[in-house]
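Down below is the structure, laid out as structure tokens.
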Amino acid sequence: MSDPFVTIGQFIKELLIGLGLEAALTAVLLRIVGAAVLGGLVGAAAILTIWAERKLLARIQDRIGPNRVGPYGLLQSFADVLKLITKEFLIPRGADRYVFIMAPLVVVAGVIGMWAVMPLAPGLVGTEINVGVLYVIAIGAIGTLGIMMAGLSSNNKYALLGAFRTVAQMLSYTVPMLLTLLIPVMLAGSMGMSTIVEAQSSAWFILLAPLAAIIFFISSLAELGRTPFDLQEAESEIVAGFHIEYSGMGFGMFMMAEFVHAFTISALFSVIFLGGWQGPGVEAFPLLGLFYFILKTALIYFVVIWLRGTFPRLRIDQMNAFNWKFITPLALVVFMVTAILDKLVVQADFNRTAVHLGSNAIIVLGTLFLLRAYAASQRRRKEVADRPQIQHSEAAGD
Amino acid sequence: MIDFTGWPANRGQRGFLTLDWLFIGTILVVGAGMAALPIALNVIIGPRKPNKTKSETYECGIETVGEAWVQLKGQYYIFALIFLIFDIEVVFMFPWAVAYDRLEFYMVLEGVLFILILAGGLVYAWRKGALEWV
Amino acid sequence: MTLAQLIFLAAAAVTLVAAIMVVTSPRLIHAGLWLILSLAGIAVLFILLDNGFLAVVQVAIYIDAIAILIIIAVMLTRAVMSDADRQINRMGLAAAFASLILLAGLLAMVLQVPAASPAPLVEAEVNLDALGRALVDVDGFILPFEVASVMLVAALVGAILVAMAPARGD
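Those sequence lines, one after another, are chains A, B and C. If you count the first sequence from 1, position 94 lands on 94 in my numbering, and the numbers rise without skipping. To get my numbering, take the position in the second sequence, counting from 1, and add 1000. To get my numbering, take the position in the third sequence, counting from 1, and add 2000.
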């Protein structure tokens, strides 16, 4: 095999066995070391992405951004870490000490855990389990739990309100996310992440299921709590939300988890809908796959930052209605149409991509039509409601 | 002494999954450790000068009135419940989606019917006004 | 002792201790959090049985949905922060007696099962595939599958009726 990653793995394994270790013990040890390395790398990547995000956001807002520490402010994050680590770690009176300290641990572990099944390049994946997609969603939702723990233990009303806002939002948007994830699983015939990437060698799933991809992207933004869904940290309403009572590194860890999560969601999107490490020349040079994967992830991450710099925040009732009355029904329709059409396409031997693109276009048109009709009816209702009121006030004034 | 011989490493054999999951268990522990270490350092290095005002809970400058734990409104419960029901339904659908390629057409329709019934539940919730944020 | 046995013992111990804490913890919220740990321990047990799917389902449904639902339900009650009354009331003895009878019954049943023989496990991927087929196969579980959907919708309707009722009364 010309696969460098498998070769390196084999080499280390044989080296250890040659040193007199048992084969089974070596396998176990390699797993543990590999997990530690992967987790550490993801955490280290956060330092870079925080810088990238701050710099990009600054440019969007016509600022310069960090530029004092190191070249182009690259070392800004290290300075921040140093600053946070020398601050006092406060635990407010009446707080639930153990739960309070556990909360950031749970949040970070949930986010890092998502990388265990992320295929980085052909042959380079933490571990390929046959329930990868469901695992990512399940472990990602552990973060919800951590946020709830933070809110419950802080003994602060803002923290509690912020936490439950977050929980309500995350729970709600998991529904369309899961529904749209059924489509790639259906197309790939597997829940394994590497298998999903391999199934996209001919066509990326964004071509077969563009609407599902968009719905997935929107709901993962909401899951992330990024603009326009950053209600949990609405400064003007609930000050900072669930992490209001955290200082020093407790706060730092929540921030790190958020940045890693943003990056992780981008990676997840590129794996499931953009073909992960697929790209020209990957068969010959598997290392190129890693480059493609990072490139696609960076692209999606850029869009996430771009949205953050562009959109205002939604109101909580808008956030809620948008999910339950728009995204979820749409996801249900897209899922049903795709499921039926894909089976018919295989039987009738049509062009699969064309059929799916066409059906998605029809769904978009239908949705727009429905929205138009709804807006028109709302306008009419408003006119009807406004008219008698004006007459009323005039009568009362006279 | 721990015996590792019960852990074959060939895919598909008994115990292989466990080895995969060992990786996941480790990465979760590493993740928690990556948060625990800086916090521990912070507690050690950082100053510790607690005083009464400092350890008060934050409340925009005025003192907190009453208990911090306010009673939530029932709305949250309804949304959590709707989520739970959708979650269970979708989990049922995942094995179906895995087997999709090898299903007959009528089997696909059955899966769609399953989701359709669920959609009926959503429509009911909508009509009853359970989806309004009040 | 193999590593798998070691992990099993640890997971079983965590599950049991957390379960005991659920019923003895004086604060309702703490009981809810201990319940989550207990459920996580069960997920590890599923993994040790080579069933990753059930483990993930355990996390996705029990921890991510049901446990959070329970905590939200606790938050709906008044005076959640304060400790509850004594953990044992005058029915304690009767309850202990009832659980002993239940334990005896369960033990009697478990002991009737012949000692587990290490059956060859089918490959996991095939397993999931077969499960998916069986759910919608006419010769499989198609009726329970569709009935499950109806039942879940019935649960949704019931919950909305119950939860919306006070709002109408106000």
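In this text, a Cβ means the ideal position worked out from N, Cα and C, and glycines have one as well.
Residue-chain proximity (SER2025 (chain C), chain B), Cβ-Cβ < 7 Å: Taking Cβ atoms only, chain B never reaches closer than 7 Å to SER2025 (chain C), which makes this a no.
Below-7 Å beta-carbon distance, ASP2129 (chain C) vs any chain B residue: By this cut-off, ASP2129 (chain C) is an interface position.
Supposed contact pair TRP306 (chain A) and ILE60 (chain A) - C-beta distance, whole angstroms, cut 8 Å: Rounded, the Cβ-Cβ distance is 7 Å, consistent with contact.
For VAL1043 (chain B) and PHE254 (chain A), believed in contact at Cβ under 8 Å, the rounded distance: 16 Å between Cβ atoms; not a contact.
Own chain partners of GLY146 (chain A) with C-beta closer than 6 Å, once the 5 adjacent residues on each side are dropped: Once the five neighbours on either side are set aside, the close Cβ partners of GLY146 (chain A) are ALA103, VAL106, VAL107.
Same chain, Cβ closer than 8 Å to LEU224 (chain A), neighbours up to 5 away in sequence not counted: So the list reads GLU258, HIS261, ALA262, ILE265, VAL304, once near-sequence residues are dropped.
Ordered list of beta strand (DSSP E) runs contained in the segment 87 to 157 of chain A, each at least 3 residues: Fully enclosed beta strand (DSSP E) runs of 3 or longer: 119 to 121.
Simplified DSSP state of GLU2125 (chain C), which is helix, strand or coil: Per-residue confidence for GLU2125 (chain C) stands at a pLDDT of 49, beneath the threshold of 50, marking its modelled position as unreliable; the derived number appears in the next sentence. Here GLU2125 (chain C) sits in helix by DSSP.
Chain C contacts made by the segment 140 to 154 of chain A, where a contact means CB separation under 8 Å: Residues passing the 8 Å Cβ filter: ALA141, ILE142, THR144, LEU145, MET148, MET149, LEU152.
Check whether MET191 (chain A) and LEU268 (chain A) have beta carbons under 7 Å apart: For the 7 Å CB-CB criterion, MET191 (chain A) and LEU268 (chain A) do not form a contact.
Residue of C:VAL2023, C:ASP2064, C:ILE2036 minimising C-alpha distance to ALA2092 (chain C): For the sequence presented, residue 2092 (chain C) should be read as Gly rather than Ala. The shortest C-alpha to C-alpha distance from GLY2092 (chain C) to any of C:VAL2023, C:ASP2064, C:ILE2036 is the one to C:VAL2023.
Three or more C-beta pairs below 8 Å linking the segment 2059 to 2071 of chain C and the segment 1075 to 1089 of chain B: Using a Cβ-Cβ distance cut-off of 8 Å, the segment 2059 to 2071 of chain C and the segment 1075 to 1089 of chain B are in contact, since at least three pairs of beta carbons, one from each stretch, lie closer than that value.
Alpha carbon of ALA2171 (chain C) to alpha carbon of LEU2102 (chain C), nearest angstrom: It is not possible to answer for residue 2171 (chain C), since the shown part of chain C is limited to 2001 through 2170.
Exposure label - MET2151 (chain C); buried when at least 16 CB within 10 Å: With fewer than 16 neighbouring CB atoms inside 10 Å of its own CB, MET2151 (chain C) falls in the exposed class.
Sub-7 Å separation of GLN278 (chain A) and GLN200 (chain A) beta-carbons: Yes, the Cβ-Cβ distance between GLN278 (chain A) and GLN200 (chain A) is below 7 Å.
THR2077 (chain C) - DSSP class collapsed to helix/strand/coil: In the structure shown, THR2077 (chain C) adopts coil according to DSSP, grouped into three states.
Minimum Cβ-Cβ distance from THR1050 (chain B) to chain C less than 7 Å: In the sequence as displayed, the identity of residue 1050 (chain B) is Pro instead of Thr. In terms of beta-carbon proximity, PRO1050 (chain B) stays away from the interface with chain C, with every pair separated by 7 Å or more.
CA-to-CA distance, LEU120 (chain A) to PHE293 (chain A), given in whole angstroms: When only Cα atoms are considered, PHE293 (chain A) and LEU120 (chain A) end up about 6 Å apart.
Sheet register partners of THR310 (chain A) (DSSP bridge): DSSP lists no partner for THR310 (chain A).
Minimum Cβ-Cβ distance from ALA188 (chain A) to chain C less than 7 Å: ALA188 (chain A) does not count as touching chain C.
SER377 (chain A) beta carbon near the ligand FAD (any heavy atom closer than 6 Å): In terms of ligand content, the structure shown is empty, and the ligand FAD therefore cannot be addressed.
Residue from A:HIS356, A:SER377, A:VAL333 with nearest C-alpha to GLY1120 (chain B): Cα-wise, what sits closest to GLY1120 (chain B) is A:VAL333.
Which residues DSSP lists as bridging THR26 (chain A), in chain order: Its beta-bridge partners do not exist; DSSP assigns none.
Residue-chain proximity (PHE217 (chain A), chain B), Cβ-Cβ < 7 Å: No, because no Cβ of chain B sits closer than 7 Å to the Cβ of PHE217 (chain A).
Cβ separation of LEU1118 (chain B) and VAL2153 (chain C), assumed to be a contact under 8 Å, to the nearest whole Å: The C-beta separation of LEU1118 (chain B) from VAL2153 (chain C) comes to about 6 Å, placing the pair in contact by the 8 Å criterion.
Three-way DSSP call (helix, strand, coil) for THR195 (chain A) in this model: Correct three-state label for THR195 (chain A): helix.
GLY70 (chain A), enclosing alpha helix (DSSP H) - first and last residue: Per DSSP, GLY70 (chain A) lies in no alpha helix (DSSP H) segment and is marked neither H nor E.
Local conformation of THR7 (chain A) per DSSP, three classes: If DSSP states are grouped into helix, strand and coil, THR7 (chain A) belongs with the helices.
CB of PHE2046 (chain C) within 7 Å of CB of LEU2128 (chain C), strictly: Their beta carbons are not under 7 Å apart, which means PHE2046 (chain C) does not touch LEU2128 (chain C) by this criterion.
Completely contained alpha helix (DSSP H) runs for the segment 2030 to 2065 of chain C, where each covers 4 or more residues: Listed in chain order, the complete alpha helix (DSSP H) runs (minimum 4 residues) inside the segment 2030 to 2065 of chain C are 2052 to 2057.
Continuous alpha helix (DSSP H) stretch holding TYR1106 (chain B): start and end: TYR1106 (chain B) -> alpha helix (DSSP H) spans 1105 to 1127.
Reduced DSSP category for THR2002 (chain C) - H, G, I as helix; E, B as strand; rest coil: THR2002 (chain C) falls in the strand class under three-state DSSP.
Residue burial classification, THR310 (chain A) (beta-carbon count within 10 angstroms, cutoff 16): Around the C-beta of THR310 (chain A), fewer than 16 other C-beta atoms lie within 10 Å, and the residue is accordingly described as exposed.
As assigned by DSSP and simplified to three states, the class of LEU274 (chain A): The answer is coil: DSSP assigns LEU274 (chain A) none of H, G, I, E or B.
Local conformation of ILE1082 (chain B) per DSSP, three classes: ILE1082 (chain B): helix per DSSP, three-state reduction.
Exposure label - LEU2161 (chain C); buried when at least 16 CB within 10 Å: Here LEU2161 (chain C) is exposed: its Cβ has fewer than 16 other Cβ atoms, across all protein chains shown, within 10 Å.
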